[in-house]
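Numbering (full-length UniProt numbering), first residue to last: 1 to 261.
The beta carbon of each residue, even a glycine, is placed where N, CA and C say it ideally should be.
All values reported here derive from a predicted model rather than from experimental measurement.
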């Protein structure tokens, strides 16, 4: 065990942060044994956890965003990768707990703020409601406590607020758990708010599912075109986009030619 922080933050439930390291992998835990983030010490940019790689499966459907909002920082894996790999993207991260930001920067190589990265200690819900309409291209939510996704981030009212803050071609991406008994309810809620334009990409690790909700229909993309795009993305970003395309068939309506969305 390398580090432990225990602090009560202005009425927010007590947060316990542990950082462990074994076999060259440094991990961030929020109490108990749950792994919130992981980093290979010899390669800090590698997306060690499968769901963090799946998060960027959204690039199968959209161009790299100009503006990206990340709610929930953890060890900063998603923010760090986007900062270094998506050079045209401006990233705003909103994290409720200041000690999480401190650990991400001191132990997980999260860059300091500059013209392309801004890390705010604030409430993600309040931040979204304060944003002007159509002001961001991608909202990515990875805000989990030890008991599951924060309920205020999955309410119909908040999902509607997210939809309204997205540009016409914008996407809301949420990290969910397929084993959560409320998973079907969450998916149906997303589908209702986004008129059915929802795609689920299961990660090949621990039941994480990235749900992508689109402001516009995707016009039932052909598997052939998705596969071609996956090859190009793999050459650019070195993530397993071909596997992402194959895994889309596991959880979404489709036939042998198209993905229906």
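Non-local beta-carbon contacts of residue 48 in its own chain, meaning distances under 7 Å to residues more than five positions away in sequence, involve 25, 38, 39, 40 in chain order. For residue 100, there is no enclosing beta strand (DSSP E); the enclosing alpha helix (DSSP H) covers residues 98-107.
Counting the other Cβ atoms within 10 Å of the Cβ of residue 80 gives 16 or more, which makes it buried.
About 6 Å separates the beta carbon of residue 111 from that of residue 83, a gap short enough to meet the 8 Å contact definition. Taking each of 218, 158, 208 in turn and checking the Cα distance to residue 189, the smallest one comes out for 158. Rounded to whole angstroms, the separation of the alpha carbons of residue 60 and residue 257 is 16 Å. If you draw a straight line from the Cα of residue 194 to the Cα of residue 160, it is about 8 Å long.
Bounds of any alpha helix (DSSP H) do not take in residue 35; it lies within the beta strand (DSSP E) bounded by 35-40.
The closest CA to that of residue 72, considering only 22, 105, 220, 121, is found on 121. The residues 207, in chain order, have a CB closer than 6 Å to that of residue 177 in the same chain once the five nearest residues on each side in sequence are set aside.
With contacts defined by Cβ atoms closer than 9 Å, residue 76 and residue 104 form a contacting pair. Annotation: the region 160-196 contains the following complete segments of the alpha helix (DSSP H) (minimum length 4 residues), in chain order: 183-193. Beta bridge pairing from DSSP links residue 54 with no other residue. Between residue 118 and residue 139, the C-beta spacing is not below 9 Å.
Sorting 163, 152, 200 by C-alpha distance to the C-alpha of residue 134 places 163 at the top. When DSSP states are grouped into helix, strand and coil, residue 124 belongs to the helix group. Counting only runs that start and end inside the region 191-244, the alpha helix (DSSP H) elements of at least 4 residues fall at 223-237. Residue 244 counts as buried, since at least 16 other C-beta atoms from the protein chains shown sit within 10 angstroms of its C-beta. Assignment of residue 113 by DSSP, reduced to helix, strand and coil, places it in the coil class.
Comparing alpha-carbon positions, the option among 88, 23, 15, 129 lying closest to residue 74 turns out to be 15.
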